[in-house]
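Asker: In the numbering used here, each residue's number is its place in the sequence shown (first place is 1) plus 302.
We put the CB at the ideal spot given by N, CA and C, even for glycine.
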Amino acid sequence: MTLTATLSLASVLAEPARRYPTKTAVIEGDRRLTYAQTWDLARRYAGGLQARGVGAGDRVAIMAPNVIEFVLAYYGVQALGAVVIPVPTLLQPQEAAYLLENSGATLLLHHPALTDAARGAANSAGVEDASIVGFADDHEPVQTYTSRAPEDPAVIFYTSGTTGRPKGAVLTHLNLVLNATVNAFDCQDVRHDDITLGSLPLFHIFGQSVALNGVFRIGGTLVLQPRFDAAAAIDLMRRERITLFFGVPTMFVQLLHAAESATEELPQLRWTCSGGASLPVAVLEGFEHQFNAKIYEGYGLSETSPTATTNQPAFGTRAGTVGHPVWGTEAEIADPETPDRIELLPTGERGEVVLRGHHIFAGYLDNPEATAKVLQDGWFRTGDIGIKDSDGFISIVDRTKDLIIRGGFNVYPREVEETLSRHDAVAQVSVIGIPDAERGEEILAVVVPREGSEVDADELIAWSRERLGKHKYPRRVEIVHDLPLGPSHKVLKRVLRQQFT
303 MTLTATLSLA
313 SVLAEPARRY
323 PTKTAVIEGD
333 RRLTYAQTWD
343 LARRYAGGLQ
353 ARGVGAGDRV
363 AIMAPNVIEF
373 VLAYYGVQAL
383 GAVVIPVPTL
393 LQPQEAAYLL
403 ENSGATLLLH
413 HPALTDAARG
423 AANSAGVEDA
433 SIVGFADDHE
443 PVQTYTSRAP
453 EDPAVIFYTS
463 GTTGRPKGAV
473 LTHLNLVLNA
483 TVNAFDCQDV
493 RHDDITLGSL
503 PLFHIFGQSV
513 ALNGVFRIGG
523 TLVLQPRFDA
533 AAAIDLMRRE
543 RITLFFGVPT
553 MFVQLLHAAE
563 SATEELPQLR
573 WTCSGGASLP
583 VAVLEGFEHQ
593 FNAKIYEGYG
603 LSETSPTATT
613 NQPAFGTRAG
623 TVGHPVWGTE
633 AEIADPETPD
643 RIELLPTGER
653 GEVVLRGHHI
663 FAGYLDNPEA
673 TAKVLQDGWF
683 RTGDIGIKDS
693 DGFISIVDRT
703 KDLIIRGGFN
713 VYPREVEETL
723 SRHDAVAQVS
733 VIGIPDAERG
743 EEILAVVVPR
753 EGSEVDADEL
763 IAWSRERLGK
773 HKYPRRVEIV
783 HDLPLGPSHK
793 VLKRVLRQQF
803 T
């Protein structure tokens, strides 16, 4: 008989339940579960799924906010050897139905607050649905988790779909177990007694892999916030004595503004992590000053499980960069003008960020053509423009698709955003290119003013002209109350282009 290596993402919960059974694993409001309780309930969810005919390799969709039931269902699916399909809670029924159909899901577990949208999607896709709350009440727990091969799919994350239909990025047990392990043990100073605030959506790769799996991998405690609100997050940090916070830039902007009007002493965080999009240096500096807590900015995509690079104590930190590659991975800069092969560029040259290592996904579900475009010569093409300096720090300049070409000159929106974010009246800013008959594209800055401040468009244009090259400063400024955000709190530039073109 030949023995085959096995690995399961379910072990991320099963192991701390064995090692630290009485340790608090997850908190949501007044609800608290130990690791032993969490694993027992997750296995009961597996029992309930099994009773519905779900088995190894089947696909189960989960549509729920950051509640304990998401955690239980997530690991329950993994315990059966089935595959999780996270469904963002902000999707319209027809959008969610596409994910169900494309993934081949056989069941949709949903939160009662999302019943109408979930059932609409399930009915359209011809998929069974069930409430995630109380799902396992009448079921016995499975004895243990099902063995899986390291290369077997564990979770299929759907990309944001900024161009065309979303694609299903297939992440394996190896991808996610190693990424959680590296995040917990190699990248940062994460400790067994840390208490982490889980504000990032668990349906998103950042919240799921770094917060949920990473925290459980080291046996820490995760405090769930079902829906992010900056003032409520600060209160939760105080009440639960939060030590770590992971967030996207818009969260840090909102926390910084909430802190400026706070009447009580701010919570004592040990450190924080930003990812998902570029964090303006002005926001980083302001947050670190207000909260007296360092921000380690990192970088990754759904296709990279997600953490690929991050600022790390081992290498030092550098504001405005995303640090060094994490353990077991490589990051280089390639020529973006050779789309059919990888041609690495010398240190200091600007080009496309390419990655390789244990964190790279298995490919896009049932889409070999799209997979072949991004997986070449053992490298993953990110579509992001970056620079690697002589000290090994990676800087992300911008997304290739967000590049503005004005009169033949390349303009990278992030550089313009970094400058405008330092204006005293600017709270948030997003820079896009809009069609222009003479220049090809013109530069537009969409600005959210600081509370209590007013932004004069002409004054801001003149201010930026003094600080940016002649081809870089915005010729047009639009003032808005807020920026459109996606399910993972990223700014949706495609919506801004539609609105202002």
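Could you name the residues that DSSP lists as bridge partners for residue 539?
Answerer: To locate residue 539, count along the sequence shown from 1; it is residue 237. Its beta-bridge partners do not exist; DSSP assigns none.
Asker: At 4 residues or longer, and completely inside the stretch 455 to 503: list those alpha helix (DSSP H) runs for me, N to C.
Answerer: Runs of the alpha helix (DSSP H) inside the stretch 455 to 503: 475 to 484.
Asker: Between the C-alpha atoms of residue 726 and residue 754, what's the straight-line distance to the nearest angstrom?
Answerer: By one-based count along the sequence shown, residue 726 stands at place 424. By one-based count along the sequence shown, residue 754 stands at place 452. Spanning the two alpha carbons is a distance of roughly 11 angstroms.
Asker: Can you check which of these residues, 404, 359, 523 and 515, is closest to residue 470 by C-alpha distance?
Answerer: Looking up residue 470 in the sequence shown gives position 168. Cα-wise, what sits closest to residue 470 is 404.
Asker: Which residue comes first and which comes last in the beta strand (DSSP E) that contains residue 730?
Answerer: Working through the sequence shown from its first residue, we reach residue 730 at position 428. Start and end: 728 to 738.
Asker: In this structure, does DSSP put residue 363 in helix, strand or coil?
Answerer: Along the sequence shown, read from residue 1 onward, the residue named residue 363 stands at position 61. Three-state DSSP puts residue 363 in a strand.
Asker: Going along the chain, which residues of its own chain have a beta-carbon closer than 6 angstroms to the beta-carbon of residue 638, five neighbours each way excluded?
Answerer: The sequence position of residue 638 within the sequence shown is 336, counting from 1. 653 and 654.
Asker: Starting from residue 332, follow the alpha helix (DSSP H) in both directions and report where the run begins and ends.
Answerer: Translated into the one-based positions of the sequence shown, residue 332 becomes position 30. Taken as a continuous stretch (DSSP letters only), residue 332 belongs to no alpha helix (DSSP H), as it is neither H nor E.
Asker: Quick one, which of 657, 520, 454 and 574 has its alpha-carbon nearest residue 619's?
Answerer: For the purposes of this step, residue 619 is identified with residue 317 of the sequence shown, where counting begins at 1. Nearest of 657, 520, 454 and 574 to residue 619, Cα basis: 574.
Asker: Less than 7 angstroms between C-beta atoms, sequence neighbours within five positions excluded: which residues of the same chain meet that for residue 336?
Answerer: Locating residue 336 in the sequence shown gives position 34, where the first residue counts as 1. Here the set comprises 323, 324, 325, 326 and 327.
Asker: Would you kindly work out how many angstroms separate the C-alpha atoms of residue 464 and residue 579, rounded to a whole number?
Answerer: Translated into positions along the sequence shown, residue 464 becomes position 162. Translated into positions along the sequence shown, residue 579 becomes position 277. Caution applies to residue 464, whose pLDDT of 43 falls short of 50 and renders its modelled position unreliable; the value that the coordinates give is listed next. Distance between the alpha carbons of residue 464 and residue 579: 15 angstroms.
Asker: Is there contact here, the stretch 530 to 539 with the stretch 378 to 388, by at least three beta-carbon pairs under 8 angstroms?
Answerer: No, the stretch 530 to 539 is not in contact with the stretch 378 to 388.
Asker: Which stretch, first to last residue, makes up the beta strand (DSSP E) that contains residue 547?
Answerer: Locating residue 547 in the sequence shown gives position 245, where the first residue counts as 1. 546 to 549 is the span of the beta strand (DSSP E), which, as asked, contains residue 547.
Asker: Quick one: what's got a C-beta closer than 6 angstroms to residue 507's C-beta in the same chain, skipping five residues either side?
Answerer: Numbered from 1 along the sequence shown, position 205 holds the residue referred to as residue 507. Hits under 6 angstroms: 459, 604 and 608.
Asker: From the DSSP output, in three-state form, read off residue 319 for me.
Answerer: Locating residue 319 in the sequence shown gives position 17, where the first residue counts as 1. Note: residue 319 maps to helix in three-state DSSP.
Asker: Do you know how far the Cα of residue 527 is from the Cα of residue 446?
Answerer: Within the sequence shown, numbered from 1, the residue matching residue 446 stands at position 144. Within the sequence shown, numbered from 1, the residue matching residue 527 stands at position 225. Rounded to the nearest angstrom, the two C-alpha atoms are 29 angstroms apart.
Asker: Between residue 503 and residue 544, is the Cβ-Cβ spacing less than 8 angstroms?
Answerer: Position 201 of the sequence shown, counted from the first residue, corresponds to residue 503. Position 242 of the sequence shown, counted from the first residue, corresponds to residue 544. Taking 8 angstroms as the Cβ cut-off, residue 503 and residue 544 do not qualify as a contacting pair.
Asker: Identify whether residue 400 lies in helix, strand or coil by the three-state DSSP scheme.
Answerer: To locate residue 400, count along the sequence shown from 1; it is residue 98. Helix.
Asker: Identify every residue that forms a DSSP beta bridge with residue 665.
Answerer: Taking the first residue of the sequence shown as 1, we reach residue 665 at position 363. According to DSSP, residue 665 bridges with 472.
Asker: Contact between the stretch 612 to 626 and the stretch 512 to 527: three or more CB pairs below 8 angstroms?
Answerer: The stretch 612 to 626, when compared against the stretch 512 to 527, does not touch it at the 8 angstroms Cβ threshold.
Asker: Mind the definition here: the stretch 488 to 500 touches the stretch 404 to 423 only if three or more C-beta pairs lie below 8 angstroms; say whether that holds.
Answerer: These segments do not touch.
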